[in-house]
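*Asks:* Below is a structure I'd like to ask you about.
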Amino acid sequence: MPNVVLLIPIADILDVTVTELLSGEKIDTQKNIDKKEIEELEVGSLDMAVRDSIHQHRKNWILAYLLCFFISITEIIMLVVSGSSLAEMKGDILLVTGGMLLFGAWFCFFAKDILPTYYDANKINYVSQGIFRIHLVGLSFNNGNWICICTTLKIWTLATVVLYPLAGIIIINCFNIALWDILNKIFLIMILGGMVVSIYTIGKKYE
Numbered sequence: 001m002p003n004v005v006l007l008i009p010i011a012d013i014l015d016v017t018v019t020e021l022l023s024g025e026k027i028d029t030q031k032n033i034d035k036k037e038i039e040e041l042e043v044g045s046l047d048m049a050v051r052d053s054i055h056q057h058r059k060n061w062i063l064a065y066l067l068c069f070f071i072s073i074t075e076i077i078m079l080v081v082s083g084s085s086l087a088e089m090k091g092d093i094l095l096v097t098g099g100m101l102l103f104g105a106w107f108c109f110f111a112k113d114i115l116p117t118y119y120d121a122n123k124i125n126y127v128s129q130g131i132f133r134i135h136l137v138g139l140s141f142n143n144g145n146w147i148c149i150c151t152t153l154k155i156w157t158l159a160t161v162v163l164y165p166l167a168g169i170i171i172i173n174c175f176n177i178a179l180w181d182i183l184n185k186i187f188l189i190m191i192l193g194g195m196v197v198s199i200y201t202i203g204k205k206y207e
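Here this note's numbering is used: position 166 in the sequence shown is 166, and no number is missing along the way.
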C-alpha cells in the first residue's frame, strides 16, 4: 500500500487537497471551510485506514504462525512414533524448528511494521526493537523496504518450520537416518543462504 500521506507536500505546492490531487480535478468547497482542516480530516482517515490494514495484516500472520506451529508439533510427534528419539532430533530438527519458531514468533507477534521517521532520512543498516537486533552490512532500512523484509522473514521462518521436519520424516522413513544426517546440513545451509539472499534482494529493490 503506497503511503498517501507523502502526497501532502505535492498538494501544498499545487495549492490543492489530497482528494483533489488524487481525483485530478478541483473540488468546489465552501469558502468558509479551511483547506487545512479538510487536509487534517483526510490524513486522519488515511492513517486510520493504514492502521486497520496493518492490524489485519498482523492478525493474518498470527493465524499463519499458529497453524505452522501445530503442523510442526504434529510432524515431530510423527517422527517419535516412527522410531526417532528426541535425543536424536535435538541436534538438528528440534534445534532448527525451535529456533525458527522463536524467530518467527517475534516477527509475527511483536515486530513493529513501521520504523521511526529518521530511518527514511538517514542511511541506517540496523534495526533494534526490544531484545531483537538485525544488522545487515550494505543495506539501509527504511519504511519502503522494512515491511517487505519482515514479510520475507515470516515466509522463510514459517516455511522452514513446516518443511524441515517434513523432509526429515520423508528421508528417515523412506531411506535411513544416516542419509538425513548428511542432507540436513545441506538443507540448513540452503535455508540460511536463501533467507539472506532474499532479504538483500527485497531490501535493495525497495531501498
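Positions of the beta carbon are idealized from the N, C-alpha and C atoms, including for glycine.
Look up I134 in the DSSP assignment and say whether it is helix, strand or coil.
*Replies:* Against the sequence shown, residue 134 aligns to sequence position 134. Of the three classes helix, strand and coil, the one that applies to I134 here is strand, per DSSP.
*Asks:* Pull up the CB-CB distance for D120 and N142, whole angstroms please, since I reckon it's below 8 Å.
*Replies:* Stepping through the sequence shown from its first residue, residue 120 is reached at position 120. Stepping through the sequence shown from its first residue, residue 142 is reached at position 142. Contact holds; Cβ gap of about 5 Å.
*Asks:* Along the chain, where does the alpha helix (DSSP H) that runs through V16 open and close?
*Replies:* In the sequence shown, residue 16 corresponds to position 16, counting from 1. Taken as a continuous stretch (DSSP letters only), V16 belongs to no alpha helix (DSSP H), as it is neither H nor E.
*Asks:* Whole angstroms are fine: how far does the CA of G130 sit from the CA of I77?
*Replies:* The residue you call residue 77 lines up with position 77 of the sequence shown. The residue you call residue 130 lines up with position 130 of the sequence shown. Looking at the two C-alpha atoms, the distance is approximately 33 Å.
*Asks:* Could you tell me the alpha carbon to alpha carbon distance between A105 and D15, rounded to whole angstroms?
*Replies:* Position 105 of the sequence shown, counted from the first residue, corresponds to residue 105. Position 15 of the sequence shown, counted from the first residue, corresponds to residue 15. The straight-line gap from Cα to Cα measures roughly 46 Å.
*Asks:* Report the residue from T97, V80, I114 and Q56 whose alpha carbon sits nearest the alpha carbon of C148.
*Replies:* Counting from 1 along the sequence shown, the entry for residue 148 is found at position 148. Per the Cα distances, I114.
*Asks:* Mapping the DSSP letters down to three states, classify I124 as helix, strand or coil.
*Replies:* If you number the sequence shown from 1, residue 124 lands on position 124. In this structure, I124 counts as strand in the three-state DSSP scheme.
*Asks:* Determine, for C150, whether the minimum Cβ-Cβ distance to residues of chain C falls below 7 Å.
*Replies:* Absence of chain C from the displayed structure is noted, only one protein chain being present.
*Asks:* If you measure between the beta carbons of T152 and I191, is that distance less than 7 Å?
*Replies:* Locating residue 152 in the sequence shown gives position 152, where the first residue counts as 1. Locating residue 191 in the sequence shown gives position 191, where the first residue counts as 1. No, the pair does not count as a contact, with Cβ atoms beyond the cut-off.
*Asks:* Taking 7 Å as the cut-off, decide whether the C-beta atoms of I93 and P165 are in contact.
*Replies:* Working through the sequence shown from its first residue, we reach residue 93 at position 93. Working through the sequence shown from its first residue, we reach residue 165 at position 165. Yes, the pair counts as a contact, with Cβ atoms nearer than the cut-off.
*Asks:* If L101 and F69 are in contact, beta carbons under 8 Å, what's the gap, nearest whole angstrom?
*Replies:* Counting from 1 along the sequence shown, the entry for residue 101 is found at position 101. Counting from 1 along the sequence shown, the entry for residue 69 is found at position 69. Sure, about 6 Å apart at Cβ, within 8 Å.
*Asks:* Could you give the distance in angstroms between the alpha-carbon of E88 and the alpha-carbon of I155?
*Replies:* The residue you call residue 88 lines up with position 88 of the sequence shown. The residue you call residue 155 lines up with position 155 of the sequence shown. Between E88 and I155, the C-alpha separation is close to 27 Å.
*Asks:* In the DSSP output, which residue or residues are listed as bridge partners for Q129?
*Replies:* As a first step, residue 129 must be located in the sequence shown, where it is residue number 129. Bridge partners of Q129: F132.
*Asks:* Which two residues bound the contiguous alpha helix (DSSP H) that contains P165?
*Replies:* Position 165 of the sequence shown, counted from the start, is the residue given in the question as residue 165. Element bounds for P165: W146 to C174.
*Asks:* Straight-line CA distance for E281 to F109?
*Replies:* One cannot answer for residue 281 here, as it falls past the ends of the chain, which runs 1 to 207.
*Asks:* Apart from the five residues on each side of it in sequence, which residues of its chain come closer than 6 Å, Cβ to Cβ, to I71?
*Replies:* Here the question's residue 71 lines up with position 71 in the sequence shown. Excluding positions up to five away in sequence, the list reads V162.
*Asks:* Tell me where the alpha helix (DSSP H) around E88 begins and ends.
*Replies:* In the sequence shown, residue 88 corresponds to position 88, counting from 1. E88 -> alpha helix (DSSP H) spans L86 to M89.
*Asks:* Considering only the alpha carbon of each residue, which of F107, S82 and L86 lies closest to L66?
*Replies:* The sequence position of residue 66 within the sequence shown is 66, counting from 1. Out of F107, S82 and L86, F107 has the C-alpha closest to the C-alpha of L66.
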